[in-house]
Amino acid sequence: MLIESCLQRVTHSVTISVTKRDRTMDETATPSFGAWVRRRRRALDLTQAELGRRTGASAATIRKIEADERRPSRELAELLATALAVPADESAAFLRAARRVVAVEHLS
Numbered sequence: 009m010l011i012e013s014c015l016q017r018v019t020h021s022v023t024i025s026v027t028k029r030d031r032t033m034d035e036t037a038t039p040s041f042g043a044w045v046r047r048r049r050r051a052l053d054l055t056q057a058e059l060g061r062r063t064g065a066s067a068a069t070i071r072k073i074e075a076d077e078r079r080p081s082r083e084l085a086e087l088l089a090t091a092l093a094v095p096a097d098e099s100a101a102f103l104r105a106a107r108r109v110v111a112v113e114h115l116s
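For the sequence shown, my numbering gives the first residue as 9, with consecutive numbering after it.
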């Protein structure tokens with residue numbers, strides 16, 4: 009499954025260091041919906057502007073979604089699923105993740 013494979017690579021490769029008041033702790037970060045969209049867009053060799061054209065959204069809107077500053081509408085989420093070639097059997101999970109704050113690890 010395409011999404012599962014992408015997500016496994018992201019989950020295993022994303023480790024961040026957090027410094028808080030002279031303390032450093034390492035934690036594995038689960039990729040957000042926006043991070044998943046960005047990674048998938050790049051894997052498809054699309055610019056934000058091109059993804060925007062394919063979905064009818066502006067590049068600024070795509071940028072905000074990728075930065076987790078904005079959630080896509082249901083309509084835009086459906087267009088993103090198509091433009092990002094989300095497999096049909098994973099579409100429902102993608103749309104749920106797009107519309108609410110959930111870890112993308114819930115996409116199977």
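Cβ atoms here follow ideal geometry from the backbone N, Cα and C, with glycine treated the same way.
Can you tell me whether residue i is helix, strand or coil according to DSSP?
i	result
residue 108	coil
residue 65	coil
residue 76	coil
residue 87	helix
residue 98	helix
residue 93	coil
residue 52	coil
residue 103	helix
Here's a check: name, in chain order, each residue in its chain whose Cβ is nearer than 7 Å to the Cβ of residue i, leaving out the five neighbours to either side.
i	result
residue 99	89
residue 73	42, 45, 80
residue 65	84
Give me, in chain order, the residues of the same chain whose beta-carbon lies closer than 6 Å to that of residue i; leave out the 5 immediate sequence neighbours on both sides.
i	result
residue 57	67
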